[in-house]
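Just below is one structure, and these are the notes that go with it.
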Amino acid sequence: MISILIFFSYANNNNQPVWFTLGIKEAIKGWDKGLKDMCVGEKRKLVVPPSLAYGKEGKGKIPPESTLIFDLHLIEIRNGPRSHESFQEMDLNDDWKLSKEEVKAYLKAEFEKHGSAINETQHEVLIESIFEKEDDDSDGFISAREFTYVHDEL
């Protein structure tokens, strides 16, 4: 798995780059498929059909059956963070589960370490999105199993 820092422009992101990991449902399927062969520094227009975006349901302000168009600039690629070591780094109270507060603190430090600022609203949306995708049992925590499980479906 790899994590990428990508810049894209759309009305709600205030021109901030975002980190995500390919192949584990941190982004829409169209990003997972459309970014796999990108190189650092490359710019790409990505056209994502509804079947690889939000489909018949839509999401938020995105209507059902919408084709999405992104202008992307790949800034950085790294090895994916899905390891027990990174889990333990985030698990501040050693209870083998990650709270929203622990994930939030970790991500804030990561953004700052890489010179990226993120406002509080964006940070909250990011945390909610992570928990929506990763908290398989909906208990409000991400367990070690949920964190390290490799999602192989796109």
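If you're matching positions, the sequence shown starts at 1 in UniProt numbering and goes up one per residue.
Ideal Cβ positions, reconstructed from N, Cα and C, are used throughout, including at glycine.
By DSSP, does residue i sit in helix, in strand, or in coil?
{"i": "Lys113", "result": "helix"}
{"i": "Thr67", "result": "coil"}
{"i": "Lys33", "result": "helix"}
{"i": "Phe147", "result": "helix"}
{"i": "Ile77", "result": "strand"}
{"i": "Ser51", "result": "helix"}
{"i": "Glu26", "result": "coil"}
{"i": "Ile118", "result": "coil"}
{"i": "residue 155", "result": "For the chain, the structure presents residues 1 to 154; residue 155 sits outside this window and is missing."}
{"i": "Val40", "result": "coil"}
Compare the beta carbon distance of residue i and residue j with 8 Å and say whether it is the shorter of the two.
{"i": "Ile28", "j": "Leu52", "result": "yes"}
{"i": "Val40", "j": "Thr67", "result": "no"}
Can you tell me whether residue i is buried or exposed, with buried defined as 16 or more other CB within 10 angstroms of its CB?
{"i": "Trp19", "result": "buried"}
{"i": "Lys45", "result": "exposed"}
{"i": "Leu126", "result": "buried"}
{"i": "Asp91", "result": "buried"}
{"i": "Asp139", "result": "exposed"}
From the DSSP output, read off the bridge partner residues of residue i.
{"i": "Leu98", "result": "Ile142"}
{"i": "Ile62", "result": "Lys59"}
{"i": "Lys45", "result": "Asp71"}
inquiry  = Contact between the region 91-107 and the region 54-70 is defined here as three or more beta-carbon pairs at a separation below 8 Å; is this criterion met?
reply    = no
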